[in-house]
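A short write-up of the structure that comes next.
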Amino acid sequence: MFVSVANAVLNAGISGLDNQCASDTNKPSGGGTYKAMVADGTNRIACTTANCATGGTSEHTDWVLKPNKEYRRADGTTVVGTTTANGVFSFPLASVVQTTVVGTNAVVTGISSSPAWTSSASDCSNFANTGTNTSTGLHDDASVNFLSIGTSGCGNAMKIICVEQ
2 MFVSVANAVL NAGISGLDNQ CASDTNKPSG GGTYKAMVAD GTNRIACTTA
52 NCATGGTSEH TDWVLKPNKE YRRADGTTVV GTTTANGVFS FPLASVVQTT
102 VVGTNAVVTG ISSSPAWTSS ASDCSNFANT GTNTSTGLHD DASVNFLSIG
152 TSGCGNAMKI ICVEQ
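All residue numbers for the sequence shown refer to this note's numbering, where the first residue is 2 and numbers rise by one.
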């Protein structure tokens with residue numbers, strides 16, 4: 002996992018955010034496919050119930066985290082956390098995704114922290130409109146604030162958490 006160097010471009014949809022992860026200069030060397038850890042409630046969904054407690058992984062739509070998998074920082078050694086059988090993290094994380102970045106520590110998520118891992122109503126209109134709002138989290142926080150600390154205007158500077166597939 003890594004945090005993008007570039008600010009998120011929030012009007013090109015989920016595929017645009019995925020493309021940013023794939024081409025970001027913070028992407029670890031050695032290849033790999035990376036996708037944005039975001040949800041819009043339509044094209045990419047983590048959970049439809051808190052922590053996917055009702056339907057488990059059947060609640061996912063194009064979700065980027067896999068069940069029972071250990072995720073590490075771009076350094077390849079620092080463990081961020083291991084996902085549950087439902088393909089989401091429990092909190093607190095073992096470590097933050099990244100301690101520092103140039104610019105903002107806010108990351109676009111489109112995910113709610115209550116109920117955890119569900120899609121937020123604020124998602125830049127499916128990441129197609131910079132004139133609306135999105136849920137934002139913190140890349141340098143191991144608590145549920147990783148998912149959401151509130152909303153921000155989609156025209157504001159935010160980073161992307163990118164996850165290797």
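The beta-carbon is built from N, C-alpha and C at its ideal position, and this holds for glycine as well. Since we're looking at a predicted model, the values are computed, not measured.
For ASN134, which residues from the same chain have a beta carbon less than 8 Å from its beta carbon, with the 5 sequence-adjacent residues on both sides left out?
-> For ASN134, the CB contacts under 8 Å within the same chain, skipping 5 residues up- and downstream, are SER123, CYS125, THR152, SER153, GLY154, CYS155 in chain order.
Rounded C-alpha distance that separates GLY14 from PHE128 = So the alpha carbons of these two residues sit roughly 5 Å apart.
Taking ASP63 as the reference, give the member of ASN106, SER91, LYS70, ASP41 with the closest Cα.
-> Comparing Cα positions, the closest option is ASP41.
Excluding five sequence neighbours on each side, which residues of the same chain lie with their C-beta closer than 6 Å to the C-beta of CYS48?
-> Within the same chain, CYS48 has close Cβ partners GLU60, TRP118, THR119.
Taking one C-beta from the segment 89 to 105 and one from the segment 66 to 74 each time, how about it: are there three or more such pairs within less than 8 Å?
-> The segment 89 to 105 is in contact with the segment 66 to 74.
Run the CB neighbour count on GLN21, radius 10 Å, all protein chains shown included, and call it buried at 16 or more, exposed below.
-> Buried, since its Cβ has 16 or more Cβ neighbours within 10 Å.
What's the gap between the Cα of LYS70 and the Cα of CYS53?
-> Pairing LYS70 with CYS53, the inter-Cα distance amounts to about 16 Å.
With 16 as the cutoff for other CB atoms within 10 Å, does VAL80 come out buried or exposed?
-> By the 16-neighbour rule on beta-carbons within 10 angstroms, VAL80 is exposed.
Provide the residue span of the beta strand (DSSP E) that contains ASN52, from first to last.
-> Note, ASN52: premise wrong, no beta strand (DSSP E); not H, not E.
Can you list the beta strand (DSSP E) stretches of 3 or more residues lying completely in the segment 33 to 111, in chain order?
-> 35 to 37, 71 to 73, 80 to 83, 107 to 109, all fully within the segment 33 to 111.
Return the bridge partner residues of SER113 from the DSSP annotation.
-> Beta-bridge partners of SER113 (DSSP): none assigned.
Taking Cβ positions, are SER113 and SER121 nearer each other than 8 Å?
-> The answer is yes: Cβ separation under 8 Å.
Length of the line joining the Cα atoms of VAL103 and ALA158 | One C-alpha to the other measures close to 11 Å.
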